[in-house]
Amino acid sequence: MAAEDALVAIGLSHHTAPVDVRERLALDADGVRRELDALVAGGVAREALVVSTCNRVELYAVPGQDGVERLREHWSVRPAGGRRSLDPYLYAHQGVDAVRHLFRVASSLDSLVVGEPQILGQVKDAVKLASGVGTLGAVLNRLTQRTLWVAKQVRTRTDIGKSTVGVGNAGVHLAEQLFTTLEGRRAMLVGTGEMGRQVAAAMVHAGVSELVVANRTFERAVELASRYAGTPIQLDRVPDYLSGVDIVIVATGASSPVLRVPEVKAALKARRGAPQFLVDLSVPRNVDPQVDSLSSAFLFNIDDLRQVTQAGMDAREAASQVAERFVAQEADRFARRLAGLGVNEHIGDVVRIADQLRQEEIDRSIRVLSQLDEDGREALDAMTRALVKKLLHRPLGKVRDAVGRGNDALAEAILSAWDDPEGGDAGEDG
Amino acid sequence: MGVWRRLYAPPWTWASDAKGSDAAGVIGGREEAPLLVVGLPVLGVYGAATWLFARGPASGGQDASDRSAKALRATQAAAALHLGYLIGLATLGEIASYAASWSAVAFGVAVAALALSRGRLASLARWLVPTAAVLHGIGMVLPASRVLALDELGGSLWLPVHLALVWAALSGFVAEFCVTVVEQIVRRRLKAKKLAGLGAFPALDALARVRVQALGFGVVTLALGVAAGGMWASDSLPHGAWLADPKVGFTLAVWAWYATAFFAHRRHDGNAPRPLVWSGVGFAALLFLFVGLDFVVSGFHAYGG
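The listed protein sequences derive, respectively, from chains L and U. The first sequence begins at 2 in this note's numbering and counts up one residue at a time. The second sequence begins at 6 in this note's numbering and counts up one residue at a time.
Spelled out as structure tokens, the structure:
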């Protein structure tokens, strides 16, 4: 009856398993459908949901008659690669812990990059798949609906997804302090270093309309420019293009400045004072720091970008603490509802047992009271029904109250009065 | 002076008014109590909005955005009350008074804050709403001096048009000054690499665009306002008196400054050099026009005589 029995989460994630193990277990949509079907049809689970992404493969299930161990066995028999067993990589949560885990996953609190938005869409897809296969029942239907609500609340009530992490996004974030939108803006990438590529890719993703790529080795400029439908140029032609771009990303391995004050000053004059955003990701720096003294030039270096990413990470950390508290609170609340759901089933079983006993006693009495006519039988039936109802009313009311207050032990104790002395619970007996 | 009247008029005008003098210019012979009843809550609601805006961005998250939404709703409520206050002044009191002029400009600034309340520009309300509160507060405590010549000159339909346009222009220039200050704060923080919390401000290009729009609005409405004033003068004043009025002459000089600034900014797509100098000099001249000139120099339509 307790929530612990009603729900289990078993799986592995980037926290517990290396990528080579995760990729062996990862399932595509058809694989998930087959797995769900096998779990429910084979009686391993009564309800099932599988969330499979590149960072996690998890099963949320209401166990079948054989319980949680059977579910764990079902998963751990898969090979983890070589002779390795999957067991060391698996974790299992039950009851309220399983609820909290799914809430945390969907809210991106368990993600590799906390606050990333993709996971919510992936959980939604998993729910759709399970719903399509028909493996969501009373428990998982309610759980998944609540999960999506909780995840949405976390995103809107906290800044978990708003702050900037990653060098590329930090570049975009800074550029957006100068330009409301990067759509329609032109950018130039000088050098093809990794960080420069990251920032340029983020800029293009944010809407930059044209990317000019300059590099000492022209072939590399051509290769990178072709990826973004940009324009490749030789490094010595940078000053010619400088006035035509709003954003300049410099990331070369040169030991002396590639851009100096006179070139930038000339470009700004041609731009009639329009601001220009310059990011120098090189160490040693490739843009003369004095460029920043020009009123329309806004020059940032790698430390400035780190300042933005650190602030973003701090903000996410603060937001994630708020989110964790909210998720824990909601998980407890849902677990209580789940326990209520379980107790209703048990109460139903008790009522069925009582009615069955009543019916048996009436059948026995009818043989003795054979002179009773139809009206007499109906009166006896109604009287015994009312008697059973009145006898059950108070104890079952106490069970509901106990569950509502979280006192599962008391509810268990009351309901155990109807347990079959031979073993098994009331429901199975009935 | 009755109790209600005392409540509306600032304390330092009570003595002169008690002697029956009209020199202080407190609205004569009409009931002012409703104006106080509306005027103070307007200030209170502006104050509440200012407090909510000030608290908004600090914590971030849903709470901050809830507070900003509440602050905007408070600003809407204040502007609606404020409009009622101005209508009350126009019908029950004296709309062409010195105090009413400050309050009317405050209303224009609040309307500008609401007009800009979308996207990241909404954060400008954090600056415009307190400005409106201060201007309205000044209007509440200033003596309700009125343009002395009005009684003698009689009414003209051009007068309300002139007032509305000039107040709208002044609101535009005040908003432009506020936006310029915010723009300078953003610019300096970017230059100093003080990047924390910058996301709460609009982008530089948006600030430049709004600044030029406010400037253009002020230049056009002030030109129309001066023209409407000329129409009023031709109805009501002796020939040539309008242009001989030092307030008119100085207003035209201020207009010329702002018009030059507007065209300089337009020519550079909002990126003309030294926007704070253009805006600061214009704003200082505006203050002199409104505070200094009105009381120092005599003329046909100065508030001070």
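Here a beta-carbon is modelled for each residue, glycine too, at the ideal position from N, C-alpha and C.
- Not flagged as an interface residue toward chain U: glutamate 24 of chain L, since no C-beta distance is shorter than 8 Å.
- As computed with DSSP, leucine 60 of chain L is found in a beta bridge with L:Ile11, L:Val51.
- In this structure, DSSP gives glutamate 184 of chain L a state outside helix and strand, which the three-state scheme calls coil.
- About 20 Å separates the beta carbon of threonine 96 of chain U from that of leucine 170 of chain U, a gap too long to meet the 8 Å contact definition.
- Contact between tryptophan 262 of chain U and glycine 287 of chain U holds, since their C-beta atoms are separated by about 5 Å, short of 8 Å.
- For valine 114 of chain U against valine 179 of chain U, the beta-carbon gap comes to about 5 Å, under 8 Å, which counts as contact.
- Among the residues of chain U, those whose CB is under 8 Å from the CB of alanine 312 of chain L are Leu200, Ala201, following chain order.
- Residue-level contact check: valine 124 of chain L does not touch chain U, since none of the beta carbons of chain U fall below 8 Å from its beta carbon.
- The continuous stretches of alpha helix (DSSP H) do not include alanine 205 of chain U, and DSSP gives it neither H nor E.
- Rounded to whole angstroms, the separation of the alpha carbons of arginine 228 of chain L and aspartate 247 of chain L is 20 Å.
- For leucine 179 of chain L, the closest Cβ of chain U is nearer than 8 Å.
- Here phenylalanine 299 of chain L is near leucine 195 of chain U, since their CB atoms are less than 8 Å apart.
- With respect to chain U, the C-beta atom of alanine 340 of chain L has no partner C-beta closer than 8 Å.
- Under the Cβ distance rule, alanine 208 of chain U counts among the residues neighbouring chain L, one pair being separated by less than 8 Å.
- Put simply, of U:Ser128, U:Val191, U:Arg272, U:Ala117 the residue whose alpha carbon is nearest the alpha carbon of tryptophan 172 of chain U is U:Ala117.
- Residue burial annotation: glycine 377 of chain L is exposed, with fewer than 16 other C-beta atoms found within 10 angstroms of its C-beta.
- The residue from L:Cys55, L:Leu397, L:Val22, L:Phe104 with its alpha-carbon nearest to that of alanine 10 of chain L is L:Phe104.
- In the three-state reduction of the DSSP assignment, tyrosine 90 of chain U falls in the helix class, which pools H, G and I.
- Membership of valine 249 of chain L in the beta strand (DSSP E) is indicated by the continuous run 248-251.
- Annotated three-state conformation of glutamate 211 of chain L is strand, per DSSP.
- The bridge partners DSSP lists for leucine 279 of chain L are L:Val249, L:Leu300.
- With its beta carbon at least 8 Å from every one in chain U, phenylalanine 104 of chain L lies outside the interface.
- Between leucine 141 of chain L and valine 63 of chain L, the gap from beta carbon to beta carbon is short of 8 Å.
- When DSSP states are grouped into helix, strand and coil, serine 241 of chain U belongs to the helix group.
- Contact annotation: in the stretch 261-291 of chain U, residues whose CB is within less than 7 Å of a CB in chain L are His273, Asp274, Asn276, Ala277, Pro278.
- Boundaries of the beta strand (DSSP E) around isoleucine 234 of chain L: 232-235.
- Straight-line measurement puts the Cα of leucine 212 of chain U at about 22 Å from the Cα of valine 280 of chain L.
- Tryptophan 163 of chain U places its beta carbon less than 8 Å from that of aspartate 240 of chain U.
- Of all residues in the stretch 264-277 of chain L, those with a C-beta nearer than 9 Å to a C-beta of chain U are Arg272, Arg273, Gly274, Ala275, Pro276, reading in chain order.
- Around phenylalanine 299 of chain L, the beta-carbon contacts reaching into chain U at under 9 Å are Arg192, Leu195, Lys196, Leu209.
- Contact annotation, alanine 105 of chain U with glycine 52 of chain U: C-beta distance approximately 20 Å; criterion of less than 8 Å not satisfied.
- For the pair of segments examined, the stretch 269-289 of chain L was found to touch the stretch 189-204 of chain L: the number of CB pairs separated by less than 8 Å reaches three.
- Closest in C-alpha terms to phenylalanine 180 of chain L, from the list L:Gly208, L:Ile354, L:Leu388, L:Ala414, comes L:Gly208.
- In the three-state DSSP reduction, histidine 394 of chain L falls in the helix class (H, G or I).
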